Amino acid sequence: MSRTIEPEGMTRRKFLTTTAATGCAVAVGSGVLLADGRFVIPNSEGFLVVDMKKCQACGTCMMACALAHTGVSSYSLSRIQVLQDSFVDWPDDVVLAQCRQCQNAPCVEVCPTGANHVDREHGNVRRVDRELCIGCKMCIQSCPFTPARLQWDTGRRKSQKCDLCVDTPYLDEKGGPDGVQACVRVCPVNAIAFTRDMPAQTRDPASYSANLRDWVWKRLGMTTE
Amino acid sequence: MTLYGYAGTILRLDLTARRAIEVETARYRSWGGGHGLGSALFWDFCKDKTITDGRDPANVCIVATSPLNATPTPSAGGRCEVMGVGVGMHPVSWFTRSGFGGRFSTMLKHAGFDAIVIEGRASSPVWVDIRNRKVEFHDASDLWGTDTWTAQKKIWERVGAPRDVRSGWWDFNATAEQALDPETDQGRTTQRPAVLTIGPAGENRTAAGCLIHDAGNGAGQGGFGAVWGSKNLKAISVIGTGEIPVADPMALLRARQVTKDKYVTDIRQPDFASWSHVGGLPNPLFMNPPPTDERRPQACQGCINGCRARFAVGYGNESTCQETAWYLPAVRRVATSVQELSEINLRAADVVQRYGHNSFLFQTGLHWLEHLHEEGVLGPGKAIPSQLPWEKYGTLEFAEKLIHALSHREDIGADLADGWVQAAIKWGREEDLHNGNMQFSYWGMPEHGYDPRAELEWGYGSILGDRDINEHCFNIIFTHVTAAFAFAKPMRIQAQQLVELIAEKLSPYAVNRPEVLDFSDGNMYSEAVAQLTRWHRHYTRFYKQSALFCDLKWPDFYNTNVPDFRGATASDDAGEQVFWNAVTGDSLSFEDGIELGRRIWNLDNAIWTLQGRHRDMVVYAPYVYETRYTKGELFPFFMWPCRDDKGEWQYRDVMGRSIDRGGFEDFKTIFYRLEGWDVDSGWPTRATLEGLDLAEVADTLEAVGRLGKEASR
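For the record, the sequence lines run as chains X and A.
Residue numbering for the first sequence is 2 to 226, as defined by this note's numbering.
Residue numbering for the second sequence is 1229 to 1941, as defined by this note's numbering.
Listed below in structure tokens is the structure:
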């Protein structure tokens, strides 16, 4: 796939905005800049949703994620982050932070090199092409969520993000929207799920939360409310 | 050369000089990790191995990880091993061990270290901040006296951790320039520091002092809280952003998946009554009902089915098993509802967690104190003076006052602080060790609920080692079978099939010898049971305490989630060695792991020998010989597979008997001979040690006249 590298000092948005000022929609790289200034990219065909009331905070998803993608054990390189505080009561003791594969994907929009792009061959997943990433961290800074859903790979000086396991050389199953996701596969309690239905595109963390607690959970003595 | 599975560096903390020293892990690679690593480090860095009180400044305390920590090896990713000379045992506090779960070992590796060796004694209280191999000693004067939870939260603040779980990424860099330079960039994390700390029980150097991490992970046995207290070490905080190399990530992830798909009951359509160790469902291990359904299961890192919980009610978080029941018999007397019973129990659990007090001592100890009070010996103005409000026994108020007194050496705590059997002797209550009123079975530690007169491998393992083993490898038989009898549950596997399934896994000493599991009266002191005991000692020393597979999940001998009932242990698709090899790149066979466990066990015995151990000291408390086991802690019977007169296997009640002194002495002789130890002294011999590549250890024993005699040929 060929991409245009913008002149130094000019972000892709600036470049597109300038071009669109002619009154036309302009297609560049991953998206289309409409005449009204909106940057439009195709919707992802897959999303991860989580049940923060169900998670047992074992961190297995984090370990599996880093291993499947990079072959090393690292929390900092996990595309899904589990944050917990032992001294806080349920359900506020655990937060799961996974990439939302946003409809408008600011991280894609701001990337100056097209490294952070929409992968049309793999269900429009928003991905970072590490060969093109120049390590400017703009994608990380652009993420509107806390914690940012992109990670900084300190050793390799690159950004990274959840690709729904499209690029998982250490997973012996097919990954991606049409395959498996390591975090979903390994979660002992099925607190992470893959869906093709786009969750509501709001800043509310709850919009990517799902109630994955079923009759088994109830029988184990835990609420399904 | 890449050390797969390791951070690559061991940290020595010289508290006396407040100095950090790094040692390459490669020097100790042959010991695996965890306990093996720790025993080898103790051997090298403890210069006086004759000490018998862990509070001696010469003592060295090791906190060690495993290559499997920080990996998704099922229920092995988050355990941590602690070693050193213990406190409060009787007649000798041996070189001993404890373990705890949670996040500490994982985070220690991400911070760059495989183990910490704690040496010397600080001149005043300190806490240690470890961050990406940067080590700082800090004054802990104002933390001294705080409970374990408060101390951890204060340290989080001082380290600069994010305010709460919604605060986002924590950048370790002090400046933008530091972040921009690949040579100095410290990276970022969303995680909180993992802090291991002591509370008042440890600060006051009581034998009940624990190490506590997060709300409910505790290294209880051994009195390591007192060891830290004696060293003026309040806490160690670790946080890191590092990476751990894994030799074959794909094989590791595949084996994890096999475990979930094949050996663990399907959580979408589970078998709620499955018989398995690794294959259960996430559920808190409580002796009484949880207080609410508003809770989650909570797990150590990498666990495949969490055994703890966090609640909405504001108490009981992360406590499990014994600490949730230490006060239960007392509470039953006063609670007027199940809700009240649960609340007092769990709040009492919180109390011991916060004081860093080892509740295991109450396992049988609380009953003994109660007995003394009822007898009129203990109380205000009595022979054993105590101002504790015994009239409120069973209330939370009494629990708090009791734990406070014992943690601060006040009231009866002044005597109990240095050991319960020592206190009994001081109080003139040695008779209680004979009549069974005080059931402290071995080395001054209480019986665990699995009486040595019934569950032989538990008792033998404890008395031939250094402490109550707290290893549930075979104890799962009792749990499954006795519960089936007690609650009329299905007997999922009959006795003969069960012992045959287990025996398949007992390579090399007892493979396909099901008779090693026959605990009937006629087989109690046999070569067969000695072989089982050996296998157990060696399996646990490596797989459970060095590789750090969780005691509550491994080994998985039998498993009804699998059509042929064969468990994951030693299997080719998800056995312990499969995970070890995937992480480290070794080509370890299951039997190689048992052999490495034998090597570690022998080094431990060499240390005990230097401490003064002799065969003659290896005896149970008198009541084990002099009284019969007639009252079970959990059930009025203790079911175990036994052969009848015709040699046929049945589940039978093994209560009602005692240990025969002569029989046990004969058993020791058999055991020592099988181990290649001097049958007269129990000391290791040169031939045995050299066969394990421990010639230097033999030299050391010989130099002090404590090398075992070779068996006559």
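Backbone N, C-alpha and C fix where the C-beta goes; we use that ideal spot for every residue, glycine too.
None of these values were measured; they are calculated from a predicted model.
Less than 6 Å between the CB of residue i and some heavy atom of the ligand MG, yes or no?
{"i": "W1398/A", "result": "Absence of the ligand MG is noted for the structure shown, with no ligands found whatsoever."}
Mark residue i as exposed unless 16 or more other C-beta atoms lie within 10 angstroms of its C-beta, in which case mark it buried.
{"i": "A22/X", "result": "Interpretation of A22/X is limited by its pLDDT of 47, a score under 50 that renders its predicted location unreliable; no figure is taken from the coordinates."}
{"i": "G24/X", "result": "Legend: pLDDT at G24/X = 48, less than 50; position of this residue unreliable, no value from coordinates given."}
{"i": "R85/X", "result": "Residue 85/X is actually Gln in this sequence, not Arg. Looking at its Cβ environment, which holds 16 or more other Cβ atoms inside 10 Å, Q85/X is buried."}
{"i": "S1774/A", "result": "buried"}
{"i": "E1930/A", "result": "exposed"}
{"i": "E9/X", "result": "Bear in mind that the predicted position of E9/X carries a pLDDT of just 40, short of 50, making it too unreliable to give a figure here."}
{"i": "L1408/A", "result": "exposed"}
{"i": "W216/X", "result": "exposed"}
{"i": "K219/X", "result": "exposed"}
{"i": "N1740/A", "result": "exposed"}
{"i": "F1866/A", "result": "buried"}
{"i": "A1235/A", "result": "buried"}
{"i": "T1249/A", "result": "Sequence check: residue 1249/A is Ile here, not Thr. By the neighbour-count rule (16 or more Cβ atoms within 10 Å), I1249/A is not buried but exposed."}
{"i": "K1610/A", "result": "exposed"}
{"i": "S1351/A", "result": "exposed"}
{"i": "M1229/A", "result": "exposed"}
{"i": "P1736/A", "result": "exposed"}
{"i": "G1388/A", "result": "exposed"}
{"i": "F1500/A", "result": "exposed"}
{"i": "T20/X", "result": "At T20/X, the pLDDT of 46 sits below 50, so the modelled position is not reliable; the number obtained from the coordinates is stated separately. T20/X comes out exposed."}
{"i": "K1337/A", "result": "buried"}
My assumption, with CB atoms under 8 Å, is that residue i sits in contact with residue j. Please give the rounded CB distance.
{"i": "T1334/A", "j": "T1417/A", "result": "At roughly 12 Å, the Cβ-Cβ gap does not stay under 8 Å, so T1334/A and T1417/A are not in contact."}
{"i": "V109/X", "j": "R131/X", "result": "Not quite, the Cβ-Cβ distance comes to about 15 Å (not below 8 Å), so this is no contact."}
{"i": "F1895/A", "j": "A1758/A", "result": "6 Å"}
{"i": "G136/X", "j": "K162/X", "result": "G136/X to K162/X, Cβ: 14 Å. No contact."}
{"i": "R1359/A", "j": "A1339/A", "result": "6 Å"}
{"i": "P148/X", "j": "A67/X", "result": "At roughly 16 Å, the Cβ-Cβ gap does not stay under 8 Å, so P148/X and A67/X are not in contact."}
{"i": "A1576/A", "j": "W1554/A", "result": "7 Å"}
{"i": "V96/X", "j": "V1393/A", "result": "5 Å"}
{"i": "Q1419/A", "j": "Y209/X", "result": "About 21 Å; that fails the 8 Å criterion."}
{"i": "L1838/A", "j": "T1278/A", "result": "6 Å"}
{"i": "G1266/A", "j": "I1290/A", "result": "4 Å"}
{"i": "F1770/A", "j": "I1828/A", "result": "6 Å"}
I want to see whether chain C comes within less than 7 Å of residue i, judged by CB atoms only; does it?
{"i": "M64/X", "result": "In the structure shown, chain C does not exist; the protein chains are X and A."}
Q: Please specify which runs of the alpha helix (DSSP H), each continuous and at least 4 residues long, are wholly inside the segment 1325-1352 of chain A, giving them in chain order.
A: 1332-1338
(Q) Under 8 Å, with one C-beta from each stretch per pair, do the segment 1849-1857 of chain A and the segment 1656-1670 of chain A reach the 3-pair mark? (A) yes
Q: Decide yes or no for the touch test of the segment 1524-1537 of chain A against the segment 1808-1825 of chain A: beta carbon pairs closer than 8 Å, at least 3 of them.
A: no
Q. Touch check for the segment 1461-1476 of chain A and the segment 53-63 of chain X: three-plus C-beta pairs under 8 Å?
A. no
Q. Unbroken beta strand (DSSP E) runs of length 3 or more, entirely within the segment 1411-1468 of chain A: which are they?
A. 1422-1425, 1439-1441, 1445-1447, 1461-1467
Q. Going along the chain, which residues of the segment 1332-1360 of chain A sit with their C-beta nearer than 9 Å to a C-beta in chain X?
A. T1334, M1335, K1337, H1338
Q: Report the residue ranges of all alpha helix (DSSP H) runs contained in full by the segment 1703-1756 of chain A; include only those spanning at least 4 residues, in chain order.
A: 1703-1715, 1723-1731
Q) If you pair each beta-carbon of the segment 1546-1553 of chain A with each one of the segment 1391-1399 of chain A, do three or more pairs fall below 8 Å? A) no
Q.
Against chain A, which members of the segment 123-149 of chain X pass a CB distance test of less than 7 Å?
A. T147, P148, A149
Q. Taking three-plus beta-carbon pairs below 8 Å as touching, is the segment 1693-1700 of chain A in contact with the segment 1857-1873 of chain A?
A. no
Q: Spell out a yes or no on whether the segment 1444-1456 of chain A and the segment 1741-1756 of chain A are touching, meaning 3 or more CB-CB pairs, one atom from each, closer than 8 Å.
A: no
Q) Curious, which full-length alpha helix (DSSP H) runs of at least 4 residues does the segment 116-187 of chain X contain? A) 139-143, 183-187
Q. Fully enclosed by the segment 1767-1829 of chain A, which alpha helix (DSSP H) runs are 4 residues long or longer?
A. 1804-1812
Q.
Taking 8 Å as the cut-off, does the segment 1786-1794 of chain A touch the segment 1722-1741 of chain A (at least 3 CB pairs, one atom from each stretch)?
A. yes
Q.
So if I threshold CB-CB distances at 9 Å, which residues from the segment 1762-1789 of chain A count as touching chain X?
A. none
Q.
Three or more C-beta pairs under 8 Å: does that hold for the segment 1419-1427 of chain A against the segment 175-186 of chain X?
A. no
**Q.** Unbroken stretches of the alpha helix (DSSP H), 4 residues or longer, contained in the segment 1363-1405 of chain A
**A.** 1376-1387
Q: Determine which residues of the segment 1284-1310 of chain A have a Cβ less than 8 Å from any Cβ of chain X, and write them out in chain order.
A: A1298, T1299, P1300, G1305, G1306
(Q) Any C-beta of chain X within less than 8 Å: which residues of the segment 1416-1443 of chain A qualify? (A) R1416, T1417, T1418, Q1419, R1420, D1442, A1443
Q: Enumerate, from N- to C-terminal direction, the unbroken beta strand (DSSP E) stretches of 3 or more residues contained entirely within the segment 1847-1876 of chain A.
A: 1867-1871
Q. Mind pulling the beta strand (DSSP E) runs of 3 or more residues that sit fully within the segment 26-56 of chain X?
A. 27-29, 32-34, 48-51
Q | Residues of the segment 1461-1486 of chain A with Cβ closer than 8 Å to any Cβ of chain X, in chain order | A | T1469, G1470, E1471, I1472, P1473, V1474, P1477, M1478, L1480, L1481, R1482, R1484, Q1485
Q. Does the segment 1647-1660 of chain A touch the segment 1668-1677 of chain A, meaning 3 or more C-beta pairs lie closer than 8 Å?
A. yes
Q: Note down, in chain order, all residues in the segment 1539-1554 of chain A with a beta-carbon under 8 Å from any beta-carbon belonging to chain X.
A: F1539, A1540, V1541, G1542, N1545, E1546
Q.
Does the segment 1434-1447 of chain A come into contact with the segment 1564-1582 of chain A, if we say contact requires no fewer than three beta-carbon pairs (one atom in each stretch) closer than 8 Å?
A. yes
(Q) At a CB distance below 8 Å, what residues from the segment 92-111 of chain X approach chain A? Give them in sequence order. (A) P92, D93, D94, V95, V96, A98
Q: Report yes or no: do three or more beta-carbon pairs, one from the segment 1562-1576 of chain A and one from the segment 1620-1629 of chain A, lie closer than 8 Å?
A: yes
(Q) Residues of the segment 182-201 of chain X in Cβ contact with chain A at a cutoff of 8 Å, in chain order, please. (A) A183, R186, V187, P189, V190, N191
Q. Along the chain, which unbroken stretches of the beta strand (DSSP E) at least 3 residues long are found entirely within the segment 1527-1603 of chain A?
A. 1536-1539
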